[in-house]
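Student:
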Amino acid sequence: MGVSSGSLLGGDGFLTTKISAVANWGRKHSLWPMAFGTACCAIEMMGTFSSRFDIARFGAETVRFSPRQADLMIVSGTITYKMASVCRRIYEQMPEPKWVIAMGSCTCGGGPFDSYAVVQGIDEFLPVDVYVGGCPPRPEALIDAVMKIQKKIDNEGPPIV
Amino acid sequence: MTSPPAPVDQIREKIGAYTLSESEFRGETTFTVKAESIVECCSLLKNTLGFTYLADVTVVDYLTVKFPRYEVVYLLHRFGENYEENLKIRLKAALEQDNPAIDSVTSVWSGANWLEREAYDMFGITFRGHPDPRRILMPDDYDEFPLRKDFDVRDRESSKRCFERALDEGLE
Chain Y
18 MGVSSGSLLG
28 GDGFLTTKIS
38 AVANWGRKHS
48 LWPMAFGTAC
58 CAIEMMGTFS
68 SRFDIARFGA
78 ETVRFSPRQA
88 DLMIVSGTIT
98 YKMASVCRRI
108 YEQMPEPKWV
118 IAMGSCTCGG
128 GPFDSYAVVQ
138 GIDEFLPVDV
148 YVGGCPPRPE
158 ALIDAVMKIQ
168 KKIDNEGPPI
178 V
Chain C
81 MTSPPAPVDQ
91 IREKIGAYTL
101 SESEFRGETT
111 FTVKAESIVE
121 CCSLLKNTLG
131 FTYLADVTVV
141 DYLTVKFPRY
151 EVVYLLHRFG
161 ENYEENLKIR
171 LKAALEQDNP
181 AIDSVTSVWS
191 GANWLEREAY
201 DMFGITFRGH
211 PDPRRILMPD
221 DYDEFPLRKD
231 FDVRDRESSK
241 RCFERALDEG
251 LE
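The listed protein sequences derive, respectively, from chains Y and C. Convert by adding 17 to the 1-based position in the first sequence; the result is the number in the working numbering. Convert by adding 80 to the 1-based position in the second sequence; the result is the number in the working numbering.
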C-alpha cells in the first residue's frame, strides 16, 4: 500500500506519495464485481459474496449486474459461443480500468464440455487476469483470486487522465 | 377373474390403420406409424383416446445402422382416472435420409411448437406447417445439425463463425 497514516505524519497532516499509488490503493479496496454467472459456479460465487465467506472483507461486496458500474468481471460457468458474444459485449461496456476472473474449469478451458457449442476457455475472447480452477472452486479459491487481482492492481501504472 | 380389455388393446384397435408395427418394452408400448398420416393418428389419440399431453418429440439418427435413416419419436401421456388408464405410449415415424420432412403436430398439441423446433435444430428434420420454423438453441445462422451422427461433435467452426458475426453486428 502506498499510503500510510499514523506516527509518520506526526500530526502535521501531509504525506508524499505517487498518484498511481493513491489510485491503486483506492481501486484495490473497492472492487465492484460484475457477476457473470451462467452455471453452477455462480452458486459458489453467491456463497462467496454472502455472510459465511463474506467477500466484503476485501472490499468487493458491491455486486452490480450493470457493467457500467463494475470494474471486476467474474465469469463463472460454462460459456457457449452463443453466450460468448453477450459476455464480450458486457465486458466492453465496463469502464476502464477493468479486470477479469475466470472462475471454474469451464471458463478456464471448457471443462468437461469438449463440444460444438462450448468455448474452450474464455481467453479466446476476453483478457483474463486470474484463472481459478475447480469444479466448482471453493469460495476460498475465489477470495484468493480477488486478492491476486488486488496485488495486480498494486502494480498498475499511473491512471490515464 | 376376467379383466377388462387392456387400454393398449383399445389404442391398437383405434390406430391400427396407421400402424406399421408394434413393440413392447418394460410395459411401455411403441407403435411405428406411417409418417404421412402422423397428424391424423395424433389427433385421434388426443381427441378420442385422451392423450392430452405430448411429453417430448425427439429424433433418432441411425445413419448406417438402419434404413430409413431417421426416426421421429413422439412420447405421449394420458392422465387417466384409474391407474391402468394412466398411460404412456410412444409413436415412431421413419424418415428418409434426403430432405427428411414430416407434418407438424402443432395443430394437435400447441406444445409441440418448441419440441419440433428443437428436433429441427439438432437433426434438421423439417416439420411441414410449423408456425415458427426457426432454430431454438443454436444461433439462427448456424449451418450444421449437431446431433446428426455424421457431424463431428467437436467441430466448433460453425459456432465460431456465428460468434464472430454476432460480435460484428454488436459493434455496428
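C-beta atoms are modelled at their ideal positions from N, C-alpha and C, and glycine is treated no differently.
State yes or no: is the beta carbon of C:Lys78 nearer than 8 Å to at least one beta carbon in chain Y?
Tutor: The structure shown has nothing for residue 78 of chain C, since chain C only spans 81 to 252.
Student: Can you tell me the Cβ-Cβ gap for C:Ser184 and C:Arg215, rounded? I've got them flagged as a contact below 8 Å.
Tutor: The Cβ separation is near 15 Å, so there is no contact.
Student: Residues of chain C with CB under 7 Å from Y:Ser67, in chain order?
Tutor: Ordered by position in chain C, no residue passes the 7 Å Cβ test against Y:Ser67, which lies about 32 Å from the chain.
Student: Would you say Y:Asp131 faces chain C, with C-beta separation under 8 Å as the test?
Tutor: Closer than 8 Å to some Cβ of chain C, the Cβ of Y:Asp131 qualifies, so yes.
Student: Verify the CB distance criterion: does C:Ser239 have a CB-CB separation below 8 Å to chain Y?
Tutor: Cβ-Cβ to chain Y under 8 Å: yes for C:Ser239.
Student: Cβ closer than 8 Å: which chain C residues qualify as neighbours of Y:Tyr98?
Tutor: Result: Pro219, Arg236, Ser239, Lys240, Cys242, Phe243.
Student: Examine chain C for any beta-carbon lying closer than 8 Å to the beta-carbon of Y:Ser122, and answer yes or no.
Tutor: Closer than 8 Å: no.
Student: Who are the Cβ neighbours of Y:Ile197 in its own chain at under 7 Å, not counting the five residues just before and after it?
Tutor: In the structure as shown, chain Y starts at 18 and stops at 178, and residue 197 of chain Y therefore has no counterpart that could be examined.
Student: Consider the Cβ of C:Gly250: report whether some Cβ of chain Y lies at a distance smaller than 8 Å.
Tutor: Chain Y, which has a Cβ nearer than 8 Å to the Cβ of C:Gly250, makes this yes.
Student: Thinking just about the alpha-carbon of each residue, which of C:Arg149, C:Ala174, C:Val152, C:Asn127 is nearest to the one in C:Arg332?
Tutor: No answer is possible for residue 332 of chain C: it lies beyond the span of chain C, which begins at 81 and ends at 252.
Student: Leaving out five residues before and five after Y:Pro153 in sequence, what residues of the same chain have Cβ atoms less than 7 Å from its Cβ?
Tutor: Within the same chain, Y:Pro153 has close Cβ partners Cys57, Cys58, Glu61, Gly121.
Student: Quick one: is C:Glu196 buried, meaning 16 or more other Cβ sit within 10 Å of its Cβ, or exposed?
Tutor: That one is buried.
Student: Comparing the C-beta of C:Ala246 with each C-beta of chain Y, is any distance below 8 Å?
Tutor: Yes, because at least one Cβ of chain Y sits closer than 8 Å to the Cβ of C:Ala246.
Student: How many Å lie between Y:Leu48 and Y:Gln110 at the Cα?
Tutor: When rounded, the distance between both Cα atoms is 16 Å.
Student: So, are the CB atoms of Y:Lys165 and Y:Val147 less than 8 Å apart?
Tutor: Yes.
Student: Among the residues of its own chain, which have a CB less than 7 Å from the CB of C:Met81, if the five just before and after it don't count?
Tutor: Bear in mind that a pLDDT of 47 at C:Met81, under 50, signals an unreliable position, so the number given afterwards is only what the model happens to contain. None.
Student: Below 6 Å CB to CB, which residues in the same chain sit around C:Glu142 once its five sequence neighbours on both sides are set aside?
Tutor: Looking at the sequence shown, residue 142 of chain C is not Glu but Tyr. If we look at C:Tyr142 and ignore the five residues flanking it on each side, its Cβ neighbours are Arg149.
Student: Let me know the beta strand (DSSP E) ranges lying completely inside the region 168–231 of chain C, each 3 residues or longer, listed in chain order.
Tutor: Taking only runs of at least 3 residues, the beta strand (DSSP E) segments lying wholly in the region 168–231 of chain C are 181–183, 206–208.
Student: Below 8 Å, can you find three or more Cβ-Cβ pairs linking the region 126–135 of chain Y to the region 93–111 of chain Y?
Tutor: Cβ pair count under 8 Å is three or more, so yes.
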